[in-house]
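First up is the structure itself, then whatever we jot down about it.
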Amino acid sequence: MLSIDILLNAIVTGILLGSVYASLALGLGITFGILHIPNIAHPTLVVAGAFFVYTLTQWGLDPIVAAVIGLVPFYLLGVVLYAFYSAVFERKGGANVLQSLTLFFGLSLVIEILLSLGFGSELKSVSVSYIGSSLKIGILTVPYRLLIPALLAPVTIAAVWLYLSRTSSGTAIRAVAHEERALSIAGLNPASVKRHAFGIATATAVIAGAALIMVGPIEPFAGRFQIGRVFAIVVLAGMGSIPGSLVIAIIIGIAEALVSSYLNPSWSPGVAFAILLLGLALRPQGLFGAAR
Amino acid sequence: MKTRRQFHKLVAVTAAGLAAPAIFGSKVFAQDKPIRVGASVSLTGPLASTKNGQIGYELWRDDVNAAGGLLDRKVELVIYDDQSSAANVPAIYSKLVDVDACDVLFSPYGANLSAPVMPFIKQRDLFMIGMFGLAGNDVAKHDKFFHSGPWGPNSGRDWARGFFDLAKAQGVKKIAIINADLEFSKNAAKGGAEVAKEYGMEVVFNQSYPPNTSDFSSMIRNINAGDPEAIFIASYPADSTAIIRGVKEIGISDKVKLFGGAMIGPQYGALLGSLGPELNGLVNSHTFVPEPTMQTPAIKSFFDRYTPIAVKQGVDPLGFYIPPFYYVAGQLAAAAITGSKSVDPAKMAAFLHANAVDTIAGKIAFNEIGDWKERRVLMVQLRGIKGNDLEQFRNPGHQVILDPPSLKTGDLAAPYNKARAS
Amino acid sequence: MKKNSLLFLAGVIIVLALGFLMPWLLRNPFYFFAGYVVLQYVTIATGWNILGGYAGYINFGAAGFFGAGVYLSAFLFTTFGLPLPLCILAAAIVGAILGVLMGYLTLRIQGVYFAIATLGLVVVLETIVHNISGLGGASGMAVYGPRPPAWSPGPSQYNFTVMVVIAVASVALARWVEISWIGRGLRAVRASEDAAECSGVPTLRLKLVACALSGAVLAAAGAPYPFYTSFVEPVTAFSLIIGLNAIAMPLIGGTRTWVGPVIGALLLASVQQIATVTISSELNILFVGAVLIAFVAFAPGGISDLFGRNKGRARP
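From first to last, the protein sequence lines stand for chains A, B and C. Everything in the first sequence is counted per this note's numbering, starting at 81 for the first residue and increasing by one. Everything in the second sequence is counted per this note's numbering, starting at 2 for the first residue and increasing by one. Everything in the third sequence is counted per this note's numbering, starting at 158 for the first residue and increasing by one.
Below you can see the structure in the form of structure tokens.
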């Protein structure tokens, strides 16, 4: 009864969901993985991005177009957030993890409440023509509702990674994580480089938000359920390894899909962390991280 | 040393701050004081979508006060936010009773939030109207507790029996059951499995899934592999959407006659609007729909006033599922107070046990543990939905009542795939 | 040092005496309901600080230990009828074991990974509880507590007194850790783990001890909870709010000494309790969020640090 088509379909679904997780984790991969700022508000920013996309789709725009429009305001939001963060911490010679965590926790509470005041607590979703139909390839049935958001992840991740590795301002971002002093000797202002990086990270939240709201309806508090998973992805990939996070996210997605197909869906929330604990025990620097 | 001294100072200040309300909040029993009705509502957190019930409370209070109050006393609502967390409930109800001196209590929403308050009201012998808690009083068996919701007796097992009655009438032999791993849906599925067994149906698939699951394709494939003739689903709003979409994407066997049962979500405007025609054919539970057998001038007037407020507050503009029963809770309390001419819990409870009460949701009589004597959960089939306009749901014919027979407005359209396409 | 300890002992006796006497002096039960929650957070913040404050290892998983305590005590009480003190003891032991296990798995790696791994502990434990039907799963489990003993006027007062005892015991434990060789070692770990290791401090063993003590206190804080709510279910027992308050409270109070978490918990928990029954709307949570941001921004060393600095300035 449990035939090859159920297995194959489960794997495909896992790949798609994994890609969506990768979108969610991308911004955190930059802020936490490269800048070492534990931005636990990132999932909430993604939800804020989803609400932004929702608002524009109410005017008849496609969610992806809406997300592209959202890049600029979310970039600016990120710049403002980082300016605030650095005003609080950098002048004291850097933040300790504890204080940053609390700051971002406070921030996520504020964002959640502002969203629920602004949009109400009802579930919001987008309806687009391609949601509800599927692509059929042989025995595979691939819903567009998952396929389109899943395609966003590799595209965005590739764009971010090309930017970080091929352009000089991107290289500066990666450099700032390693050696701030050298960067300022080279004539670059580390603060503005970090601000720029934080802006990019926050801009990815609106793309992830578009993916999230296409997959299923959201409410203002939806970010909380994602915190654990996205941190697991960033840490497992190895801090700072952006392409690695896509691979890890897909592994987690497949593992969850297989567990819920063959074992019981009620065990699937534990999957990401079981993999995380295993990974940390075997290879503490992450699967794709360079051992520094 | 110095920190300790400051610490003691701080303790003193905190203690004084905690003690202060006691001075202001002392009990006053004078007759001209308002009657206080205390409640906890989930304004924030995962259950915040139930907060539109508060409009029901407030409309009731305004109506009662406009008519001169109860026993010539004004009615005052005291409402706190439990943040959808059971951990906040004990302190809130102690505040309502011990500091605010409320005469009547309304429970928080649902069984999980109400459970912490049951031993408290039993031990202190207080009068409470329960809000939507399934089988909320079946353990405590408190004799001064009354459900405003229409779950009926033995609700843990029986509240969704209508679905299985319909399935039985269709000659269903094999059934699949899935549920979200949350209190309400878990109990619904457990009760459903028992009823299915009682009716001699084989449960070919029975699985629970974690909250916030967004993809059901593998589960739907597994269900299809079991070849059921009916699928009973107990889900919450986000997963209801994902399941409906998943069925559309993956497809389901033509043998399935009934699909739905206990899905939360397709009662609310948000989901009706976003899914629209995708909901056609679904057979689901409900508490009120504007069908000719249920529509009365009283409840129509309620919704005429509810809708503008709801639109202003950004909550569900339809509000069929929860808000009328929050108004009913008020009407039950009012009947108990005026009927017994007192706010004494024992007298109020005795009145409700002895008399049926007329409310906007019809005439209600209670059994000894405060369940409605008759279950009046509706099984409705969604039909003829076109586009995403919410206003169509205010007209009859889109949410046809199949069960209970006394309120029936149409027959089941089956199989599901055919009803879905119509 | 000696004089300090005597003063502390006197403070402990006074607080304990108040814990037993207050229920007879103050008639209104509400204060014992609210006070219970405040004291619960004093215990949680204190327990968290043993590892998080002294050693600088951030534990996101306070709710995991707390929830384990909640469910263990609910299970032991409903199946074996164990009395409350034994439930608390059992919870503390299991919490300590859980702490050591957790530490053994993850403490060899960097602090930040440890933090993430603890977040996983909560999810894993919650998933397990969801899947054990004997614990009620998602439907929860009703716990009708024992009759309070004669020396307490009612169940809410009894729970309050029990919580006073637990809180005092944890604060005393935290103070002892702080002034003993363990505390000195942990401070060295916090300052520079490599340097500590090189100068012969047994860092791993110290961290494991801290994990065990911290876990024991956090689990003990959860043990009376089933009797407070008469009902347990996984979502509240493993609530994210507990884990985040456990971090926020020491931070607000100050993490270097035992006083900080106590002040932070008394303050933040009281504010939360008062806000719940006064503001009572979305603005309540907005307010807590704003307070957190304000503290991090303007008083990063916490209140105890703020007081100390002012004092220093006043008397140069």
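Quick reminder that beta carbons are idealized off the backbone N, C-alpha and C, glycines included. Given the structure is predicted, the values throughout are model-derived calculations rather than measurements.
Give the secondary structure of residue i by DSSP, where H, G and I count as helix, E and B as strand, and everything else as coil.
i        : result
C:PHE232 : helix
C:HIS287 : helix
C:VAL300 : coil
B:GLY26  : Note that B:GLY26 scores a pLDDT of 42, beneath 50, so its modelled location is shaky and nothing firm can be said.
B:ALA31  : Residue placement at B:ALA31 is flagged as unreliable, the pLDDT there being 47, under the threshold of 50; a coordinate-derived value is accordingly withheld.
B:TRP160 : coil
A:THR247 : coil
A:SER214 : strand
A:HIS122 : helix
A:GLU299 : coil
C:ILE245 : helix
B:GLU292 : coil
B:LYS364 : strand
C:TRP415 : coil
B:GLN208 : strand
For residue i, return the contacting residues in chain B, with the cut-off set at a CB-CB distance below 9 Å.
i        : result
A:SER213 : LYS249 and GLU250
A:ARG309 : Result: empty, since nearest Cβ-Cβ is about 11 Å, beyond 9 Å.
Determine the direct distance from the alpha carbon of residue j to that of residue i, and round the result to whole angstroms.
i        : j        : result
B:ASN356 : C:ALA307 : 41 Å
A:PHE278 : A:ARG254 : 12 Å
C:LEU173 : A:PHE305 : 40 Å
C:VAL257 : C:PRO418 : 23 Å
A:ILE265 : C:ALA219 : 43 Å
A:VAL310 : A:GLY109 : 9 Å
C:PHE223 : B:GLY227 : 41 Å
C:VAL434 : B:PRO47  : 19 Å
B:ILE338 : B:ALA422 : 51 Å
B:ILE365 : B:TRP373 : 6 Å
B:GLY150 : B:ALA136 : 11 Å
B:ALA23  : B:VAL76  : Confidence at B:ALA23 is low in this model, with a pLDDT of 43, below 50, so the placement of that residue should be treated as unreliable; the coordinate-derived value is given next. The straight-line gap from Cα to Cα measures roughly 23 Å.
B:ALA239 : B:ALA49  : 14 Å
C:VAL227 : C:GLY379 : 5 Å
C:ALA212 : C:ARG347 : 5 Å
A:ALA288 : C:TYR188 : 46 Å
Who are the neighbours of residue i on chain A, taking C-beta pairs under 8 Å?
i        : result
B:LYS52  : SER201
B:ARG395 : The contacting residues do not exist; B:ARG395 stays about 18 Å from chain A at best.
B:VAL316 : GLY200, SER201 and GLU202
Determine the chain B residues that contact residue i at a beta-carbon separation under 8 Å, and present them in chain order.
i        : result
C:PRO457 : Here the premise fails: no neighbours, minimum Cβ distance about 17 Å.
A:ILE86  : SER219, ARG222, ASN223 and ALA226
A:SER196 : THR45 and ALA49
C:PRO240 : By Cβ distance, chain B contributes nothing, its closest Cβ being about 19 Å from C:PRO240, past 8 Å.
Can you tell me the Cβ-Cβ gap for residue i and residue j, rounded? I've got them flagged as a contact below 8 Å.
i        : j        : result
B:ALA415 : B:GLN171 : 6 Å
B:ARG246 : A:ILE211 : 7 Å
B:ALA271 : A:LEU203 : 5 Å
A:PRO300 : A:LEU157 : Their Cβ separation, rounded to whole angstroms, is 17 Å, which puts A:PRO300 and A:LEU157 out of contact at 8 Å.
Quick check: residue i and residue j, are their CB atoms within less than 7 Å of each other?
i        : j        : result
B:ALA311 : B:ASN53  : yes
C:ASN216 : C:PRO407 : no
B:PHE146 : B:GLY331 : no
A:ALA121 : A:SER325 : no
A:SER346 : B:SER209 : yes
B:ARG157 : B:ASN188 : One detail in the question is off: residue 157 of chain B reads as Gly in this sequence, not Arg. Yes, the Cβ-Cβ distance between B:GLY157 and B:ASN188 is below 7 Å.
B:PHE164 : B:MET380 : yes
A:ALA352 : A:ALA233 : no
Identify the contact partners of residue i in chain B, using a Cβ-Cβ distance below 7 Å as the criterion.
i        : result
A:GLY296 : SER215, ALA239, THR242 and ALA243
A:THR93  : ASP216, SER218 and SER219
Along chain C, which residues have their Cβ under 8 Å away from the Cβ of residue i?
i        : result
B:LYS187 : GLY294, ALA295 and SER296
Please determine whether the Cβ atom of residue i lies at a distance below 6 Å from any heavy atom of the ligand MG.
i        : result
C:ARG362 : Annotation note on the ligand MG: not contained in the displayed structure, which lists no ligands.
For residue i, go through chain C and note every residue whose CB falls closer than 9 Å to its CB, in chain order.
i        : result
A:THR182 : LEU401, ILE404, ALA405, LEU408, ILE409, LEU449, ILE450, PHE452 and VAL453
For a contact meaning CB atoms closer than 7 Å, what does residue i contact in chain A?
i        : result
B:ASN281 : The contacting residues do not exist; B:ASN281 stays about 13 Å from chain A at best.
C:THR284 : TRP347, PRO349 and GLY350
What residues of chain C sit near residue i, judged by a beta carbon separation below 7 Å?
i        : result
A:ALA361 : LEU262
Inset, instruction - Name, going along the chain, the residues of the segment 206-237 of chain C whose beta-carbon falls closer than 8 Å to a beta-carbon of chain D. - result: Within the model displayed, chain D is absent; protein chains A, B and C are what it includes.
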